[in-house]
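Participant:
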Amino acid sequence: MATQDSAKDQAMEMAESARETEWKFPSFTAELFQGNFRWDLLHPYPKQDADDKQVGDELIEKVRVVLEAHLDPIAVDHTGEYPQIVLDELAKIGVFGMKIDKKYGGLGLSQWNYGRVLSFIGSYCQSTVTWVSAHQSIGVPQPLKLFGTDAQKEQFLPRLAKGEISAFALTEPDVGSDPAKMATTATPSEDGSYYLINGEKLWCTNGPAASMMVVMAKTPPKIKDGREIPQISTFVVEANSPGFKVVHHCKFMGLKGIANGLLTFTNVKVPAENMIGKPGQGLKIALTTLNAGRLGIPASAAGSCKKFLIDCEEWVNHRVQWGVPIGKHQSISRKIANMASDTYAMESLVYTACSFADRKNADIRLEAAAAKYFCTETCWRVLDDFLQVRGGRGFEDDTSLYERGEKPVPVNRILRDMRVGRIFEGSTEVMHLIMAREAMDTHFRLVMPILMPKGDQKKQKWANIVKAAKFYIGWYPKVWMPASMDFNVSHLSTANRDHLAYAAKTCKRLARTLFHTMGKYKEKLEFEQLILANFVDIGVDLFVMGCVLSKTEHLLAQNKTDQTPQELADLFCANARKRIEDNFRAVKKNHNQTFNKVADSLMEGKYRWMCTDIYEDLPTAYQDYEKNLPNVPEAEELATAESD
Numbered sequence: 159m160a161t162q163d164s165a166k167d168q169a170m171e172m173a174e175s176a177r178e179t180e181w182k183f184p185s186f187t188a189e190l191f192q193g194n195f196r197w198d199l200l201h202p203y204p205k206q207d208a209d210d211k212q213v214g215d216e217l218i219e220k221v222r223v224v225l226e227a228h229l230d231p232i233a234v235d236h237t238g239e240y241p242q243i244v245l246d247e248l249a250k251i252g253v254f255g256m257k258i259d260k261k262y263g264g265l266g267l268s269q270w271n272y273g274r275v276l277s278f279i280g281s282y283c284q285s286t287v288t289w290v291s292a293h294q295s296i297g298v299p300q301p302l303k304l305f306g307t308d309a310q311k312e313q314f315l316p317r318l319a320k321g322e323i324s325a326f327a328l329t330e331p332d333v334g335s336d337p338a339k340m341a342t343t344a345t346p347s348e349d350g351s352y353y354l355i356n357g358e359k360l361w362c363t364n365g366p367a368a369s370m371m372v373v374m375a376k377t378p379p380k381i382k383d384g385r386e387i388p389q390i391s392t393f394v395v396e397a398n399s400p401g402f403k404v405v406h407h408c409k410f411m412g413l414k415g416i417a418n419g420l421l422t423f424t425n426v427k428v429p430a431e432n433m434i435g436k437p438g439q440g441l442k443i444a445l446t447t448l449n450a451g452r453l454g455i456p457a458s459a460a461g462s463c464k465k466f467l468i469d470c471e472e473w474v475n476h477r478v479q480w481g482v483p484i485g486k487h488q489s490i491s492r493k494i495a496n497m498a499s500d501t502y503a504m505e506s507l508v509y510t511a512c513s514f515a516d517r518k519n520a521d522i523r524l525e526a527a528a529a530k531y532f533c534t535e536t537c538w539r540v541l542d543d544f545l546q547v548r549g550g551r552g553f554e555d556d557t558s559l560y561e562r563g564e565k566p567v568p569v570n571r572i573l574r575d576m577r578v579g580r581i582f583e584g585s586t587e588v589m590h591l592i593m594a595r596e597a598m599d600t601h602f603r604l605v606m607p608i609l610m611p612k613g614d615q616k617k618q619k620w621a622n623i624v625k626a627a628k629f630y631i632g633w634y635p636k637v638w639m640p641a642s643m644d645f646n647v648s649h650l651s652t653a654n655r656d657h658l659a660y661a662a663k664t665c666k667r668l669a670r671t672l673f674h675t676m677g678k679y680k681e682k683l684e685f686e687q688l689i690l691a692n693f694v695d696i697g698v699d700l701f702v703m704g705c706v707l708s709k710t711e712h713l714l715a716q717n718k719t720d721q722t723p724q725e726l727a728d729l730f731c732a733n734a735r736k737r738i739e740d741n742f743r744a745v746k747k748n749h750n751q752t753f754n755k756v757a758d759s760l761m762e763g764k765y766r767w768m769c770t771d772i773y774e775d776l777p778t779a780y781q782d783y784e785k786n787l788p789n790v791p792e793a794e795e796l797a798t799a800e801s802d
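Here the sequence shown is numbered in the working numbering, starting from 159 and rising by one per residue.
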């Protein structure tokens, strides 16, 4: 038990050291968790500059031409082969240099235009989105842009802008989101001129095809107060380096056209100047890179849903049951109405977050996480509902539909492709934990030194108590005061003004309920992950409501008669308010401990009696799966067979 506790403490310490500890710029979501509904940060809704929009329009048209001329997504899904010509043609028009500055040969796009391009590609082929976004959202370009030296940028960025593929190698077979367990090492030479990297990386998107990649590895520990502090550092590794090998190409339920694999590093020699940032900055670089990098996935999710919204409109009018179009049946109308309002909410959120990322005075760590979480979860629900509306045709393969003379609507394929969105670049569960930690940041800094003092904090207990008391004496009464209703809006309906008032009032309720819950559970709150998730869900819904209402005000001010955002906003907010109230109830009354009890019993093997009719000899260890499988070639043999 002591070993488990020390490992957990080490992992938590590493994660905490990698966090941004200061809020240099305002964050709507961070303020929201403190009880402040900063409408001024959302309103007026950001409008893309006309010249910048033209740049995006022209590139999207070029992308459209390439995809329609050279890519058959159905064939990619069936064969698992992605055409090299598509990558080559996308490289020619600069798609792999979208986020690279012009002085290095890139397009230097705004985050807004980058999101627009990924949204368009997402409406066509998710495998293509993955090639493009893994290369520059989390691959070599982004960390170099944020942390690289001028020499590194000049060496690598021009190559990447021309179309060389890059990847991000973090995950290992036994390491997902726990950095303390990372096994890949980077050992410095005696003269410090190079490092030798040894280890393996799993699920490295673009890895098998990349010419270079960002690799996270443990470097020699730092000694602090007589104990070792593990250090994780970041390197640019060239794929042609001796000792690097792709030993397995991973296959998945969706995204059949991506390159993803198990990579090994055996004494791979990397020049010391290829380290990005300083020794031990690896996790900070990874987390910072993912802030803006995460916005690619929600943008592509919104594009997918917009594409299917058009297909849905056509289908529910065309398909007639019991004498009327199926869209007139209430069980269907509820689904398609939610599809429309949720898609509108996704778009409102994505471009609000993109506009924040384009600013120099915004902290987007919470907004990016919220966008990734909300859009991937919502997209999955939208696609699942559309499959249900399509009935058997939703479940049928698009090729089969085409072969028997029907429109090959690819909801089956896109549903499989988009499922990983809830896992990629931080799973939903990890997003909950990240956002919960940031939401509690102020309380954590003030209260934890009192509840769980470490080092010098033990000597400063009373000083910390006084510091916390001063803050809470000023802060706590404010979260009980009525929220300001001066929203400076002129076009919203009475109903949506009510939604704004509700959001402003509820963020105060959220702040004080979070504080009360922390007082109830104290340091044990970290184990109440489901309660923390309830709080996060409340905050995310309030944030999205704000984005939706701001965009609605913007659209209504344009007075375009062909736009009907009001009813979309009203429906989304009504649904969000219901979810919010459900989450508040779940904080106070739940059966989370029953989940724990049943899960513990399962882990202890107490439910094997249910399975004896299937297994005569129940497995006694995880490794026993090998006894029940046919002969499976080792990874080395698979790699050899594939190359042959």
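We treat Cβ as the ideally placed atom computed from N, Cα and C, and that holds for glycine.
Look at the alpha carbon of L573 and the alpha carbon of L713, and state the distance between them as a whole number of angstroms.
Facilitator: Working through the sequence shown from its first residue, we reach residue 573 at position 415. Working through the sequence shown from its first residue, we reach residue 713 at position 555. Those two C-alpha atoms are separated by around 31 Å.
Participant: Measure the alpha-carbon distance for Q389 versus C512 and round it to whole angstroms.
Facilitator: Indexing the sequence shown from 1 puts residue 389 at position 231. Indexing the sequence shown from 1 puts residue 512 at position 354. Taking the straight line joining both Cα atoms gives about 32 Å.
Participant: Check for me: the beta strand (DSSP E) holding R385 runs from which residue to which?
Facilitator: Looking up residue 385 in the sequence shown gives position 227. Run containing R385: 385-396, per the beta strand (DSSP E) assignment.
Participant: With a CB to CB cut of under 7 Å and the five nearest residues on each side skipped, what residues in its chain are close to S281?
Facilitator: Residue 281 sits at position 123 when you count from the first residue of the sequence shown. The residues are G461, S462, K464, K465.
Participant: Just confirm the distance between the C-beta atoms of L672 and F701, as a whole number of angstroms; I'd bet it's less than 8 Å.
Facilitator: What you label residue 672 is simply residue 514 of the sequence shown in a count that begins at 1. What you label residue 701 is simply residue 543 of the sequence shown in a count that begins at 1. The Cβ separation is near 15 Å, so there is no contact.
Participant: Taking R737 as the reference, give the member of T710, T719, D695 with the closest Cα.
Facilitator: Residue 737 sits at position 579 when you count from the first residue of the sequence shown. Ranking the options by Cα distance to R737, first place goes to D695.
Participant: D543: which of A526, D555, C470, G214 sits nearest, CA to CA?
Facilitator: One-based indexing of the sequence shown puts residue 543 at position 385. Minimum Cα distance to D543 is reached at C470.
Participant: Where in the stretch 442-471 do unbroken runs of the alpha helix (DSSP H), each at least 4 residues long, occur, reported from the N-terminal end onward?
Facilitator: Qualifying alpha helix (DSSP H) stretches: none in this window.
Participant: Roughly how many angstroms lie between the CA atoms of A715 and V547, to the nearest whole one?
Facilitator: Here residue 715 refers to the residue found at position 557 of the sequence shown. Here residue 547 refers to the residue found at position 389 of the sequence shown. Between A715 and V547, the C-alpha separation is close to 34 Å.
Participant: Should H674 go down as buried or exposed, given a rule of 16 or more other Cβ atoms within 10 Å for buried?
Facilitator: Taking the first residue of the sequence shown as 1, we reach residue 674 at position 516. By the neighbour-count rule (16 or more Cβ atoms within 10 Å), H674 is not buried but exposed.
Participant: Where does the unbroken alpha helix (DSSP H) through C537 begin, and where does it stop?
Facilitator: As a first step, residue 537 must be located in the sequence shown, where it is residue number 379. 523-548 is the span of the alpha helix (DSSP H), which, as asked, contains C537.
Participant: CB-CB under 6 Å to F183, same chain, minus the five flanking residues each way: which ones, in chain order?
Facilitator: One-based indexing of the sequence shown puts residue 183 at position 25. Cβ neighbours of F183 beyond the five flanking positions: N519, A520, D521.
Participant: Buried or exposed, going by whether 16 or more other CB atoms sit within 10 Å of the CB of C283?
Facilitator: Start at 1 with the first residue of the sequence shown, and residue 283 comes out as number 125. With 16 or more Cβ atoms within 10 Å of its Cβ, C283 is classed as buried.
Participant: Find out if the Cβ-Cβ distance for the pair K530, G584 is shorter than 8 Å.
Facilitator: Locating residue 530 in the sequence shown gives position 372, where the first residue counts as 1. Locating residue 584 in the sequence shown gives position 426, where the first residue counts as 1. For K530 and G584, yes; Cβs fall inside 8 Å.
Participant: Which of the three DSSP states, helix, strand or coil, is assigned to T424?
Facilitator: Mapped onto the sequence shown, residue 424 falls at position 266. DSSP places T424 in strand when its eight states are reduced to three.
Participant: Whole angstroms is fine: what's the gap from T363's alpha carbon to F326's?
Facilitator: For the purposes of this step, residue 363 is identified with residue 205 of the sequence shown, where counting begins at 1. For the purposes of this step, residue 326 is identified with residue 168 of the sequence shown, where counting begins at 1. When rounded, the distance between both Cα atoms is 7 Å.
Participant: Comparing alpha-carbon positions, which option in K619, H590, L276, L559 lies nearest L604?
Facilitator: One-based indexing of the sequence shown puts residue 604 at position 446. Taking only the C-alpha atoms, the option nearest L604 is K619.
Participant: Am I right that L315 and L304 are in contact with their C-beta atoms under 8 Å? What's the rounded C-beta distance?
Facilitator: As a working note, residue 315 is residue 157 in the sequence shown. As a working note, residue 304 is residue 146 in the sequence shown. L315 to L304, Cβ: 13 Å. No contact.
Participant: Sort out for me which residues DSSP pairs N356 with in a bridge.
Facilitator: Your numbering for residue 356 matches position 198 in the sequence shown. BP columns for N356 point to T343.
Participant: Name the two residues that bound the continuous alpha helix (DSSP H) containing K257.
Facilitator: Numbered from 1 along the sequence shown, position 99 holds the residue referred to as residue 257. Premise fails: K257 is in no alpha helix (DSSP H) and is neither H nor E.
Participant: Looking at the structure shown, is P611 part of a helix, part of a strand, or coil, going by DSSP?
Facilitator: Position 453 of the sequence shown, counting from 1, holds the residue named residue 611. Residue state, collapsed to three classes: coil.
Participant: I need the DSSP call for V578, collapsed to helix, strand or coil.
Facilitator: The count along the sequence shown starts at 1 and reaches residue 578 at position 420. In this structure, V578 counts as helix in the three-state DSSP scheme.
Participant: Would V275 pass as a contact of V234 if the rule is Cβ separation under 8 Å?
Facilitator: Taking the first residue of the sequence shown as position 1, residue 275 is located at position 117. Taking the first residue of the sequence shown as position 1, residue 234 is located at position 76. Cβ atoms of V275 and V234: not closer than 8 Å.
Participant: Below 7 Å CB to CB, which residues in the same chain sit around P611 once its five sequence neighbours on both sides are set aside?
Facilitator: Locating residue 611 in the sequence shown gives position 453, where the first residue counts as 1. Taken in chain order, the residues that qualify are K619.
Participant: Any beta carbon from chain D within less than 8 Å of Q389's own beta carbon?
Facilitator: Absent here is chain D; the protein component of the structure consists of one chain.
Participant: Find the nearest neighbour of L248 within the set S708, T446, S291, I443, judged by alpha-carbon distance.
Facilitator: If you number the sequence shown from 1, residue 248 lands on position 90. Minimum Cα distance to L248 is reached at S291.
Participant: Which stretch, first to last residue, makes up the beta strand (DSSP E) that contains A641?
Facilitator: Here residue 641 is taken as the residue at index 483 of the sequence shown, counted from 1. Run containing A641: none; DSSP gives neither H nor E here.
Participant: Measure the beta-carbon distance from I434 to V394 and round it to whole angstroms, keeping in mind my assumption that it falls under 8 Å.
Facilitator: Position 276 of the sequence shown holds residue 434. Position 236 of the sequence shown holds residue 394. Contact holds; Cβ gap of about 6 Å.
Participant: Mapping the DSSP letters down to three states, classify S585 as helix, strand or coil.
Facilitator: One-based indexing of the sequence shown puts residue 585 at position 427. Reduced to three states, the DSSP call for S585 is coil.
Participant: Could you tell me which of Q488, T536, R492 sits nearest to Y502, measuring between CA atoms?
Facilitator: Within the sequence shown, residue 502 is the residue found at index 344, counting from 1. Residue T536 is the option with its Cα nearest to Y502.
Participant: Express the C-alpha separation of T710 and K718 in angstroms, rounding to a whole number.
Facilitator: Within the sequence shown, residue 718 is the residue found at index 560, counting from 1. Within the sequence shown, residue 710 is the residue found at index 552, counting from 1. Their Cα atoms are separated by approximately 12 Å.
Participant: Between K442 and N432, what straight-line distance do the alpha-carbon atoms span, to the nearest angstrom?
Facilitator: Position 284 of the sequence shown, counted from the first residue, corresponds to residue 442. Position 274 of the sequence shown, counted from the first residue, corresponds to residue 432. C-alpha separation (whole angstroms): 17 Å.
Participant: I believe E525 touches F532 by the beta-carbon criterion, under 8 Å. Please report the beta-carbon distance rounded to the nearest angstrom.
Facilitator: Against the sequence shown, residue 525 aligns to sequence position 367. Against the sequence shown, residue 532 aligns to sequence position 374. Rounded, the Cβ-Cβ distance is 10 Å, inconsistent with contact.
Participant: Using the DSSP secondary-structure output, state which residues sit across from I592 in a beta bridge.
Facilitator: Translated into positions along the sequence shown, residue 592 becomes position 434. BP columns for I592 are empty, so no partner.
Participant: At what residue ranges does the stretch 735-768 contain a whole run of the alpha helix (DSSP H), taking only runs of 4 or more?
Facilitator: Runs found: 750-761.
Participant: Within a Cβ cutoff of 7 Å, which residues of the same chain sit near A727, ignoring the five residues on either side of it in sequence?
Facilitator: Residue mapping note: residue 727 aligns to position 569 of the sequence shown, counting from 1. N654, V706, L707, T710.
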